[in-house]
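K.L.:
Quick note on numbering: full-length UniProt numbering labels position 149 of the sequence shown as 149, and the sequence is numbered without any gaps.
C-beta: ideal position from N, C-alpha, C; glycine also.
All figures in this text were calculated on a predicted structure; none of them were measured in a lab.
If you scroll down you'll find the structure; I have some questions about it.
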Amino acid sequence: MYSAAAAAASPPRRDFISVTLSPEEAVGAGGYNNSKAWRRRSCWRKWKQLSRLQRSIILFLFAFLAVCGVISYTSMGEPWKSLTNKSLDDQRTEPEIPGLKLANPAVLPAPQKADANLGNYPELSPQKPPKLPPVRRGPSNLQIKPPRRDVRLKTRHDTSRVVEEPVKADKEEKTEKSVISWRGAVIEPDQSTEPPSSKIKEPEKPSSVEAEDQKEPVPINERQMAVIEAFRHAWKGYKDFAWGHDELKPLSKSYSEWFGLGLTLIDALDTMWILGLKEEFEEARKWVANDLVFDKNVDVNLFESTIRILGGLLSTYHLSGDSLFLEKAKDIGNRLMPAFKTPSKIPYSDVNIGRGTAHPPRWTSDSTVAEVTSIQLEFRELSRLTGDEKFQKAVDEVMKHVHTLSGKNDGLVPMFINTNSGQFTHLGVYTLGARADSYYEYLLKQWIQGGKKENELLEDYMRAIEGVKKHLLQKSQPKKLTFVGELAHGHFSAKMDHLVCFLPGTLALGAHNGLTADHMKLAEALIETCYQMYAQVETGLSPEIVHFNLHAQKGHKDVEIKPADRHNLLRPETVESLFYMYRFTGDKKYQDWGWEILQNFNKYTRVPTGGYTSINNVQNPSNPEPRDKMESFFLGETLKYMFLLFSDDIDLINLDKYVFNTEAHPLPIWVPA
Ligand code: DMJ
Numbered sequence: 001m002y003s004a005a006a007a008a009a010s011p012p013r014r015d016f017i018s019v020t021l022s023p024e025e026a027v028g029a030g031g032y033n034n035s036k037a038w039r040r041r042s043c044w045r046k047w048k049q050l051s052r053l054q055r056s057i058i059l060f061l062f063a064f065l066a067v068c069g070v071i072s073y074t075s076m077g078e079p080w081k082s083l084t085n086k087s088l089d090d091q092r093t094e095p096e097i098p099g100l101k102l103a104n105p106a107v108l109p110a111p112q113k114a115d116a117n118l119g120n121y122p123e124l125s126p127q128k129p130p131k132l133p134p135v136r137r138g139p140s141n142l143q144i145k146p147p148r149r150d151v152r153l154k155t156r157h158d159t160s161r162v163v164e165e166p167v168k169a170d171k172e173e174k175t176e177k178s179v180i181s182w183r184g185a186v187i188e189p190d191q192s193t194e195p196p197s198s199k200i201k202e203p204e205k206p207s208s209v210e211a212e213d214q215k216e217p218v219p220i221n222e223r224q225m226a227v228i229e230a231f232r233h234a235w236k237g238y239k240d241f242a243w244g245h246d247e248l249k250p251l252s253k254s255y256s257e258w259f260g261l262g263l264t265l266i267d268a269l270d271t272m273w274i275l276g277l278k279e280e281f282e283e284a285r286k287w288v289a290n291d292l293v294f295d296k297n298v299d300v301n302l303f304e305s306t307i308r309i310l311g312g313l314l315s316t317y318h319l320s321g322d323s324l325f326l327e328k329a330k331d332i333g334n335r336l337m338p339a340f341k342t343p344s345k346i347p348y349s350d351v352n353i354g355r356g357t358a359h360p361p362r363w364t365s366d367s368t369v370a371e372v373t374s375i376q377l378e379f380r381e382l383s384r385l386t387g388d389e390k391f392q393k394a395v396d397e398v399m400k401h402v403h404t405l406s407g408k409n410d411g412l413v414p415m416f417i418n419t420n421s422g423q424f425t426h427l428g429v430y431t432l433g434a435r436a437d438s439y440y441e442y443l444l445k446q447w448i449q450g451g452k453k454e455n456e457l458l459e460d461y462m463r464a465i466e467g468v469k470k471h472l473l474q475k476s477q478p479k480k481l482t483f484v485g486e487l488a489h490g491h492f493s494a495k496m497d498h499l500v501c502f503l504p505g506t507l508a509l510g511a512h513n514g515l516t517a518d519h520m521k522l523a524e525a526l527i528e529t530c531y532q533m534y535a536q537v538e539t540g541l542s543p544e545i546v547h548f549n550l551h552a553q554k555g556h557k558d559v560e561i562k563p564a565d566r567h568n569l570l571r572p573e574t575v576e577s578l579f580y581m582y583r584f585t586g587d588k589k590y591q592d593w594g595w596e597i598l599q600n601f602n603k604y605t606r607v608p609t610g611g612y613t614s615i616n617n618v619q620n621p622s623n624p625e626p627r628d629k630m631e632s633f634f635l636g637e638t639l640k641y642m643f644l645l646f647s648d649d650i651d652l653i654n655l656d657k658y659v660f661n662t663e664a665h666p667l668p669i670w671v672p673a
């Protein structure tokens, strides 16, 4: 028992305790008693024996430890909780399936029953994949971003790339549809077309889009702004008076129909994309989606509808990634195919796209050489996109056939070919102008499009340029301008169509692709001539055709113009070549020349109420005689090349990735397999 007297008498901090044993406690004395009751009592006695100060210190220490314990428990509670939960989740995790990633535990399926077959992957099918945004349409889903104005300047010589942070949504799209490449074109196998043949096994991706510009676009400059302003003005006229029709008649505020297929609108689609005119593009897209119908009883020219409509739709598809344009391209492509059903496989010039019939012009069974040999880029690309070889087969056959034909003169071709016999007709006349021009252009461009492997095309091109040098090149007086004339039955004519001004650009493109430097020299000389066809004329605008003076005469310039030739149709060829020349040389004079031309278009062809007009007389500045027609190529080509000419961004339609068709619609260069 505890004795208070003894406790009080005992000195503080003694190491022994005096105890009085109770009888029970004595039981077993001398033996070890470890009962709980005994230990409790013993502790209590010890406690009582402590001084008040000692007890206070001990109590304080206990209290302190208790408080610390509570605090640390609270702060450690959360990790513990999550650890606990994590381990639970771990227990629920499904077996890993290659390629299948569970996006979020919240969408995990209910825990499986103990007897569920975990190795049976289809069991997972009820689990919905993470919801992806729908495939975006239009300008936001870019292969090439429309130019923005808020980014730093990148000069044409600055080849370093600013890598753009890939947008998450684009990645997701890639997950959803493996056919979409990052900033690339949508390549969707066409369910409705025939299964791919053994030659073209499956739809291919465009070559250039894989590494397409993961960089900030260059801001547009003042001259480009002026092009945008010109485009908007032209578009206003078209929208106000000719919407959905082929061509604007800006003076009579009406329109003209050729095929009745909204030619100007389709030709202008990719220009709007490149100029960054999103609103206009969206509006035009709606028209294509809702109103463009090819099932019409109408005769169209195979060449014109291929380069403008098929080409325009394909390039817009590539730039925007919007499959609407591919669908429309397939539709028109299929409807044009009857043109190839001829005895010789040389296509007829005209096709009724509603009836599926084709025919030559009423007065002849000939087709134009340029026309049958300048539809290849478009049909080949259509085959590549659809996996249907019939398009490519048809146009390749034409090229192979023309390759073997006699009647050429050192690679120069006559202007006509018969659809029955497959032979050239009207032999002996050679020109780089109307009816032959784009044959030469497409030899080179097909070779480039196909990855520079089709040697026959290159051979024919090289031979033809040698033929040009040998038979058609002359120098004018007094300025000694190099020009390309014509040959008719052995007689040289110093006549040159404005159309021939595509040639400097094409020669420069060939030189850029590794052909002889001579071609570049010739390109430099010829573009100077084409510029003089503008500069030497009163309005500063070129006529349709010029005749060069071969002999110096007092008071005469190099360029002579006949009354029947002094019209200007707002054609693109010189601006087109200026664009190539500037891209490949960086010489600013080409931009300055283009700027002059734009200003003169504005001065003499702009109609105040909207639109631009062809004129009848480039020699009369006080009355250029407006013709009341805006050709679709003014928006499809002239203004597009103008905009690209003023750009210092070599990646704005990179010429190592794209090849322009003859209507200025860029198509991808195929990546070698
Ligand atoms: C366009 O349709 C094409 O450029 C074609 O190759 C020639 N004619 C016009 C432009 O001048």
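Is DSSP giving residue 489 helix, strand or coil here?
P.N.:
Here residue 489 sits in coil by DSSP.
K.L.:
Please state the DSSP three-state secondary structure of residue 665.
P.N.:
Residue 665: coil per DSSP, three-state reduction.
K.L.:
According to DSSP, is residue 658 helix, strand or coil?
P.N.:
Correct three-state label for residue 658: strand.
K.L.:
On a Cα-Cα basis, can you pick out the residue from 345, 371, 374, 404 that is closest to residue 390?
P.N.:
Taking only the C-alpha atoms, the option nearest residue 390 is 345.
K.L.:
Are the region 560-567 and the region 531-544 touching, with three or more C-beta to C-beta distances below 8 angstroms?
P.N.:
The region 560-567, when compared against the region 531-544, does touch it at the 8 angstroms Cβ threshold.
K.L.:
Pick out whichever of 231, 483, 395 has its Cα sitting closest to the Cα of residue 443.
P.N.:
The shortest C-alpha separation from residue 443 is found at 395.
K.L.:
Leaving out five residues before and five after residue 260 in sequence, what residues of the same chain have Cβ atoms less than 8 angstroms from its Cβ?
P.N.:
These residues qualify, in order along the chain: 245, 246, 296, 298.
K.L.:
What separation, rounded to the nearest whole angstrom, lies between the Cα atoms of residue 708 and residue 431?
P.N.:
Residue coverage of the chain in this structure runs from 1 to 673, which leaves residue 708 outside it and unanswerable.
K.L.:
Could you give the distance in angstroms between the alpha-carbon of residue 361 and the alpha-carbon of residue 554?
P.N.:
Near 46 angstroms, if we compare the C-alpha coordinates of residue 554 and residue 361.
K.L.:
Just the Cα atoms here: how many angstroms apart are residue 150 and residue 277?
P.N.:
For residue 150, the predicted structure reports a pLDDT of 35, less than 50, and the residue's modelled location is therefore unreliable. A value from the coordinates is still provided. Near 15 angstroms, if we compare the C-alpha coordinates of residue 277 and residue 150.
K.L.:
DSSP puts residue 358 in a beta bridge; with which residues?
P.N.:
DSSP lists 351 as partners of residue 358.
K.L.:
Taking the runs of the beta strand (DSSP E) that are 3 residues or longer, which of them lie wholly in the region 526-590?
P.N.:
Counting whole runs of 3 or more residues, the region 526-590 contains the beta strand (DSSP E) stretches 545-548.
K.L.:
Assuming residue 598 contacts residue 230 (C-beta within less than 8 angstroms), just tell me the rounded distance between them.
P.N.:
That pair is a contact at about 7 angstroms.
K.L.:
In the DSSP assignment, the alpha helix (DSSP H) including residue 267 goes from what residue to what residue?
P.N.:
Run containing residue 267: 263-275, per the alpha helix (DSSP H) assignment.
K.L.:
Answer yes if the region 369-388 comes into contact with the region 324-337, meaning at least three C-beta pairs across the two stretches below 8 angstroms, and no otherwise.
P.N.:
Judged by Cβ distances under 8 angstroms, the region 324-337 makes contact with the region 369-388, as three or more pairs qualify.
K.L.:
Which whole-angstrom value describes the C-beta separation of residue 610 and residue 250, a residue pair presumed to lie in contact below a C-beta threshold of 8 angstroms?
P.N.:
About 6 angstroms separates the two Cβ atoms, so the contact holds.
K.L.:
Would residue 264 be called buried (16 or more neighbouring beta carbons within 10 Å of its own) or exposed?
P.N.:
So residue 264 ends up on the buried side.
K.L.:
Does the Cβ-Cβ distance between residue 301 and residue 349 come in under 8 angstroms?
P.N.:
Result yes, Cβ atoms of residue 301 and residue 349 sit closer than 8 angstroms.
K.L.:
In this structure, how does DSSP classify residue 256 when only helix, strand and coil are distinguished?
P.N.:
Residue 256: strand per DSSP, three-state reduction.
K.L.:
Return the CA-CA distance between residue 463 and residue 371, expressed in angstroms with no decimal places.
P.N.:
Taking the straight line joining both Cα atoms gives about 20 angstroms.
K.L.:
Over what stretch of residues does the beta strand (DSSP E) that includes residue 392 continue unbroken?
P.N.:
Looking at the DSSP string, residue 392 is not in any beta strand (DSSP E); the run it does join, the alpha helix (DSSP H), is 390-404.
K.L.:
Mark residue 51 as exposed unless 16 or more other C-beta atoms lie within 10 angstroms of its C-beta, in which case mark it buried.
P.N.:
By the 10 Å Cβ count, residue 51 comes out exposed.
K.L.:
Is residue 495 helix, strand or coil by DSSP?
P.N.:
In the structure shown, residue 495 sits in a strand (DSSP, three-state: E or B).
K.L.:
Going by beta carbon distance, what residues of the same chain come within less than 6 angstroms of residue 317, once the five residues before and after it are set aside?
P.N.:
Once the five neighbours on either side are set aside, the close Cβ partners of residue 317 are 325, 326.
K.L.:
Would you call residue 242 buried or exposed, if buried means 16 or more other Cβ atoms sit within 10 Å of its Cβ?
P.N.:
By the 10 Å Cβ count, residue 242 comes out buried.
K.L.:
I need the straight-line Cα distance from residue 375 to residue 280, nearest angstrom please.
P.N.:
Their backbone Cα atoms lie some 28 angstroms apart in a straight line.
K.L.:
Between which two residues does the alpha helix (DSSP H) holding residue 334 run?
P.N.:
323-336 is the span of the alpha helix (DSSP H), which, as asked, contains residue 334.
K.L.:
Please confirm whether residue 312 has its beta-carbon closer than 8 angstroms to some beta-carbon of chain C.
P.N.:
Reference to chain C is not applicable here, since this structure consists of a single protein chain.
K.L.:
Alpha carbon to alpha carbon, how far is residue 424 from residue 417?
P.N.:
Whole-angstrom Cα-Cα distance: 4 angstroms.
K.L.:
How would you write the range of the alpha helix (DSSP H) that residue 371 sits in, first residue to last?
P.N.:
Where residue 371 is concerned, the enclosing alpha helix (DSSP H) stretches over 369-372.
K.L.:
Does the structure place the region 457-473 close enough to the region 403-417 that three or more beta carbon pairs sit under 8 angstroms?
P.N.:
Yes, since at least three Cβ pairs between the region 403-417 and the region 457-473 fall closer than 8 angstroms, the two stretches touch.
K.L.:
Using the Cα positions of residue 550 and residue 234, report the straight-line distance between them to the nearest angstrom.
P.N.:
Using only the alpha carbons, I get a separation of about 39 angstroms.
K.L.:
So what does DSSP say about residue 382, is it helix, strand or coil?
P.N.:
Residue 382 falls in the helix class under three-state DSSP.
K.L.:
Applying the 10 Å Cβ sphere with the 16-neighbour rule, what's the burial state of residue 59?
P.N.:
Residue 59 is exposed by the Cβ-count criterion.
K.L.:
Counting along the chain, where does the alpha helix (DSSP H) carrying residue 228 start and finish?
P.N.:
That run of the alpha helix (DSSP H) goes 222-241.
K.L.:
Out of 620, 621, 615, 634, which one is the CA nearest neighbour of residue 627?
P.N.:
Out of 620, 621, 615, 634, 615 has the C-alpha closest to the C-alpha of residue 627.
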